[in-house]
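4 protein chains.
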Amino acid sequence: MASALTWNRYGKSGIRLVKVRRAGDPHEVVDLTVDVALEGAFDNVYTDGDNRACLATDTMKNTVYAFARVEPIDHAETFAVKLAEHFSEKPGVSLVRIAIDEHPWTRLQAHAFARAGEEVWTTAVSYKDDKAEVVSGLRGLVVLKTTDSAFSGFPRDRFTTLPETRDRILATSITAAWTYAEGFDDYAKRAAIRTAMIDTFASHKSESVQQTLYAMGEAALAACSGVTDVRLSLPNRHHLLVDLSPFGLDNPNEIFVATDQPYGLIEARITRALG
Amino acid sequence: MASALTWNRYGKSGIRLVKVRRAGDPHEVVDLTVDVALEGAFDNVYTDGDNRACLATDTMKNTVYAFARVEPIDHAETFAVKLAEHFSEKPGVSLVRIAIDEHPWTRLQAHAFARAGEEVWTTAVSYKDDKAEVVSGLRGLVVLKTTDSAFSGFPRDRFTTLPETRDRILATSITAAWTYAEGFDDYAKRAAIRTAMIDTFASHKSESVQQTLYAMGEAALAACSGVTDVRLSLPNRHHLLVDLSPFGLDNPNEIFVATDQPYGLIEARITRALG
Amino acid sequence: MASALTWNRYGKSGIRLVKVRRAGDPHEVVDLTVDVALEGAFDNVYTDGDNRACLATDTMKNTVYAFARVEPIDHAETFAVKLAEHFSEKPGVSLVRIAIDEHPWTRLQAHAFARAGEEVWTTAVSYKDDKAEVVSGLRGLVVLKTTDSAFSGFPRDRFTTLPETRDRILATSITAAWTYAEGFDDYAKRAAIRTAMIDTFASHKSESVQQTLYAMGEAALAACSGVTDVRLSLPNRHHLLVDLSPFGLDNPNEIFVATDQPYGLIEARITRALG
Amino acid sequence: MASALTWNRYGKSGIRLVKVRRAGDPHEVVDLTVDVALEGAFDNVYTDGDNRACLATDTMKNTVYAFARVEPIDHAETFAVKLAEHFSEKPGVSLVRIAIDEHPWTRLQAHAFARAGEEVWTTAVSYKDDKAEVVSGLRGLVVLKTTDSAFSGFPRDRFTTLPETRDRILATSITAAWTYAEGFDDYAKRAAIRTAMIDTFASHKSESVQQTLYAMGEAALAACSGVTDVRLSLPNRHHLLVDLSPFGLDNPNEIFVATDQPYGLIEARITRALG
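Protein chains in written order, with the numbering used here: chain A, 1 to 275; chain B, 1001 to 1275; chain C, 2001 to 2275; chain D, 3001 to 3275.
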């Protein structure tokens, strides 16, 4: 039997890096989890146990910490691009992928901070042929609206029991990733993109999670001309109305069970159309 | 061989309850996870399979949802006391324990909210002999300070390698629980207690996690005269200075590895002294 | 206002230790997570920032690794006692608590192993006044039975909707902790105690989780005369029968939804009676 | 600004299904978590809030439970194909994806079982144009070897500090996914494929995780002629040798710290070569 290595990638994941900028007052904190991954001409590593081209993943980790000392890390995106450029010059490398999770902190005082919650800001740089593709985003942004969410008019078959509703709770944990146009590097636009999506979620008259997702994607594109497309993934965190009638009570859309499983999962990509 | 049932407790845990108050505008959201537990004369359930005294845990769950419809739930504490009173009247019950996790939401708009993070507000009511003991608190409040934290002067033995430091990162995830005096019911004081602990963490000139913990406990007692004692648990989320010297770089307290394991764990109870 | 430190404890948690015994063939692996905690006359550390009595938690960690080199660790219990004796001799210490999670591995070959699952073996040694109390146990042992489990005859009130059943699925994740008599040290008895509890779970004609719990506790006591009491905690992992009647199908106790929340939680202590 | 919906997918995830087969004795348990996802002509749902083509995810859930009653579920793969066929006939659907996690149980007695651990068996069926592609696999299979693992001969640059080693611990959590050839349906071959990978891990003289991964992939292909390719993902769960020299002790490859972060991550696809 013959077999072939048809794809390979390796690297270091989960590099936990905290940088404190002490030059000014107040201090600033940058809290990142960095993943480095390489693709390239590493077949002999796999098939022959020949490690001459295999940059150690421990070396990748060291490199991240050394670069963190030298680079300002004003934006995770620029730091990722610098790292990608460095690793792209190693023998055999054809593609570098740097993925960074940024854990935001809220300032309490000049030298003290509180974690801002479960929300994580993400960036993933794919570097190939001297070009970087930068995809930024977020995950773990949990939002809920108490009205302006309906789900009705859907098809009914033998297995359909869900009643139609014109007023339900809509809750989700937003995962979003947007692609910046080549050459665009105003990464501070993250804030405007994020606000646009949140505002749309809050104010949208929703006929479905799908429709709200699309509106959020459109809002993200409108908030930053440097974004070429947006991918959104919205798990539907169902809030089930409790039947209180056995206890002689009504339930005017007020008491809910929050459930984890099962959950609807709605995903789409919205792309800027050429005009 | 003879054996005896020397302690027992049973109940329902993880009751996920969301209440939306729609009477006014803007809407309000209360998001709770409720645990109910009973102790009492239930020996025959265990030893004989006689269920005549065994209130079903499913009934406990139903009761929580029904009470949620009727009670305003202005504070989780008062809701817990109401539930405890109800269950205390069931045959055989000697002690009721109601524990509630409250998941705070931040308002985005009149009818939209974002989860405020990993912080959870806790309350535990122990109800016995017609009296409620109320212990409230929080967990998952992650804080970090970039200066004013030292650890030196500790004893050195054969196994000590830790260098002394006068300036390190101090990070922790605060778990706090405070006991209210009997009859005290101004549960809105939670905010002042919480602020006092955070402010103390931020501004304290720390010689150790222990010393900062004690100062935080004192501050909590000072913030609310209705609190009789405070228990704090502070895991030390170590931030290790990276040795960059192999790469020809210094590291002036700037680049750190954030670690999960192992972690120091500092716990204490601070009690209001009579005087 | 005056306040007082009324209880304190500190230590190092989450010390991840793997020991490979290579002297013989096949190799043996011991995989532990160790927690060290001290109580004692440490008030000045908290109240005055005086660290002269504060053994660093980093030193505790180093001590665990050094002892692991010297001690055989045939049983986690004996290793814990050795560590406790060591720390009990430090100035100011009145009580040492060593808690160990052991992660079992199954042998694949002479030098290869697979993790045996989520089950963890636990031991907690409390050392005070030159005496060790040893409590061993396990957690994460998930078991399920498809018959011989009933729940009926329970009281019904205004909030009861649960139907009675004579045949349901019973599933739980066993947490057990048993106390060894002073001086008893045949820690290999763990296997017999564990088997007794599992066999009882499997074969018991259950009228309730409570009754099965009690039978398991009795079986554990019967399996080892050196055990003085057993504490069991059994979350009821409810398997809800799916109503298939809307689809023209029956469901003769065959198709279930496995749920996480809410869950019944049944706990008790069973003690050997003097006779 | 104009924007376009360039990709979409929606469905129900986390459908927890337990089936008990009671016809024979002993009983049999099947424990699955099912995800259903559809792609197709659903643009109007997103862009216009028109739900006429939007099969409710609640209906998907109901369908899974109803099919579970009727289908034998001898293999998760055949159940997934049946579900996929059903959903493919709904208006607008161009692609159905059914992903199933199977949670294995070990038999204790005729009617009692224990969870076999963290290992999950996976299958993902993509159904399009009346054809099913079946990819099966596993995840969470944690293995460790105490010898026959080296890492040396790798390049050294300015940031390399890792020493070469000819004998280290190798530990990983195996994630594998293999594609069956069109028309192949002997899904019981899972056992042989799994055994081949485990045996290879255990016996391989490893020069790197990469080389062991490749050997495991080759072994999987050799174990089942119906497999066309294998994808493996092996996180390197580093076990770091503890430096005991400050305590006057040697450490002959015996005492290790098990770490979670950072971790090497090695991934590849191995494909059967036509010959």
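Yeah, the Cβ is synthetic: ideal placement off N, Cα and C, and Gly gets one too.
So for residue 2076(C), helix, strand or coil by DSSP?
When DSSP states are grouped into helix, strand and coil, residue 2076(C) belongs to the helix group.
Residue 3274(D), buried or exposed, once every other Cβ within 10 Å from all chains shown has been counted against 16
Residue 3274(D) should be labelled exposed.
Confirm, please, whether the CB-CB distance from residue 2111(C) to residue 3172(D) is below 7 angstroms.
Cβ atoms of residue 3172(D) and residue 2111(C): not closer than 7 angstroms.
Could you name the residues of chain B that residue 3247(D) contacts, counting a contact when the two beta carbons are closer than 9 angstroms?
Taking the beta carbon of residue 3247(D) as reference, the chain B residues within 9 angstroms of it are 1158, 1159 and 1161, listed in sequence order.
Restricting to runs no shorter than 4 residues, where is the alpha helix (DSSP H) found entirely within the region 1168–1250 of chain B?
You should have 1190–1203 and 1209–1223.
Short of 6 angstroms in beta carbon distance, which residues of its chain neighbour residue 80(A), apart from the five on each side in sequence? Order them along the chain.
Cβ contact annotation for residue 80(A) (same chain, cutoff 6 angstroms, sequence separation greater than five): 98, 100, 123 and 125, in chain order.
At a Cβ cut of 8 angstroms, what residues of the region 3136–3152 of chain D count as close to chain C, listed as they run along the chain?
Listed by position along the chain: 3141, 3142, 3143, 3144, 3145, 3146, 3147 and 3148.
Other residues of its chain near residue 3258(D): CB distance less than 6 angstroms, five sequence neighbours each side excluded
Counting only Cβ-Cβ distances below 6 angstroms, and skipping sequence neighbours, we find 3239.
If you scan the region 34–91 of chain A from start to end, which runs of the alpha helix (DSSP H) of 4 or more residues do you find wholly inside it?
If we require 4 residues or more, the alpha helix (DSSP H) runs fully inside the region 34–91 of chain A come out as 43–48, 57–70 and 76–88.
Closest Cα partner of residue 2069(C) within the set 2221(C), 2030(C) and 2161(C)
Ranking 2221(C), 2030(C) and 2161(C) by Cα distance to residue 2069(C) puts 2030(C) first.
For the ligand SAH, is there a heavy atom less than 6 angstroms away from the beta-carbon of residue 3004(D)?
In the structure shown, the ligand SAH is absent, as is every other ligand, since no ligand is present at all.
Give the range of the beta strand (DSSP E) segment to which residue 3008(D) is assigned.
From DSSP, the beta strand (DSSP E) with residue 3008(D) extends over 3003–3021.
Using C-beta distances below 6 angstroms, list every residue in its chain close to residue 3037(D), excluding the 5 sequence neighbours before and after it, in chain order.
Closer than 6 angstroms at the Cβ level, and outside the excluded window around residue 3037(D), lie 3009, 3011 and 3097.
Under 9 angstroms by beta carbon: chain C residues contacting residue 260(A):
The CB of residue 260(A) comes closer than 9 angstroms to the CB of 2260 and 2261 in chain C, given here in chain order.
Kindly indicate which three-state DSSP category residue 2276(C) falls into: helix, strand or coil?
As displayed, chain C neither begins before 2001 nor continues past 2275, which places residue 2276(C) out of reach and without an answer.
Across which residues does DSSP place residue 1031(B) in a beta bridge pair?
Partner(s): 1018(B).
Closer than 9 angstroms by beta-carbon distance: list the chain B residues that pair up with residue 2055(C), in chain order.
Those are 1154, 1155, 1157 and 1160, listed as they occur along chain B.
Residue burial classification, residue 150(A) (beta-carbon count within 10 angstroms, cutoff 16):
That one is buried.
DSSP-derived helix/strand/coil call for residue 2161(C)
Residue 2161(C): coil per DSSP, three-state reduction.
I'd like to know whether the C-beta atoms of residue 3020(D) and residue 3027(D) end up nearer to each other than 7 angstroms.
Yes, they are a contact pair.
Within 7 angstroms (strictly less), CB to CB, does residue 208(A) reach chain D?
Yes, its Cβ sits closer than 7 angstroms to a Cβ of chain D.
Select from 1135(B), 1106(B) and 1128(B) the residue whose C-alpha is nearest the C-alpha of residue 145(A).
For the set 1135(B), 1106(B) and 1128(B), the Cα lying nearest the Cα of residue 145(A) is the one of 1106(B).
So, is residue 1061(B) buried or exposed, given that buried needs 16 or more other C-beta atoms within 10 angstroms?
With 16 or more Cβ atoms within 10 Å of its Cβ, residue 1061(B) is classed as buried.
If we call anything under 7 angstroms between Cβ atoms a contact, is residue 3066(D) one with residue 159(A)?
In this structure, residue 159(A) lies closer than 7 angstroms to residue 3066(D) by Cβ.
Helix, strand or coil: which one does DSSP assign to residue 3156(D)?
In the structure shown, residue 3156(D) sits in coil (DSSP, three-state: anything other than H, G, I, E or B).
Look up residue 146(A) in the DSSP assignment and say whether it is helix, strand or coil.
Reduced to three states, the DSSP call for residue 146(A) is coil.
Would you call the CB atoms of residue 1109(B) and residue 2016(C) closer than 7 angstroms?
No. Outside cutoff.
Using a threshold of 7 angstroms, state whether the C-beta atoms of residue 2283(C) and residue 2268(C) are closer than that.
What the structure shows of chain C is the stretch from 2001 to 2275, and residue 2283(C) is not part of that stretch, so it cannot be assessed.
Who pairs with residue 3166(D) in a beta bridge, going by DSSP?
Beta-bridge pairing links residue 3166(D) to no other residue.
Pull up the distance between the alpha-carbon of residue 3007(D) and that of residue 3167(D), whole angstroms please.
Those two C-alpha atoms are separated by around 49 angstroms.
Helix or strand or just coil, what does DSSP make of residue 3273(D)?
In the structure shown, residue 3273(D) sits in coil (DSSP, three-state: anything other than H, G, I, E or B).
Smallest Cα separation from residue 3263(D): which of 3195(D), 3170(D) and 3187(D)?
Selected option, being the one with the closest Cα: 3170(D).
When we look at the beta-carbon of residue 3049(D) and count the other beta-carbons within 10 Å, is it buried (16 or more) or exposed?
It is buried - the Cβ of residue 3049(D) has at least 16 other Cβ atoms within 10 Å.
Where the beta strand (DSSP E) through residue 1109(B) begins and ends:
Residues 1105–1109.
Proximity below 7 angstroms, CB of residue 1230(B) to CB of residue 1222(B)
The answer is no: Cβ separation not under 7 angstroms.
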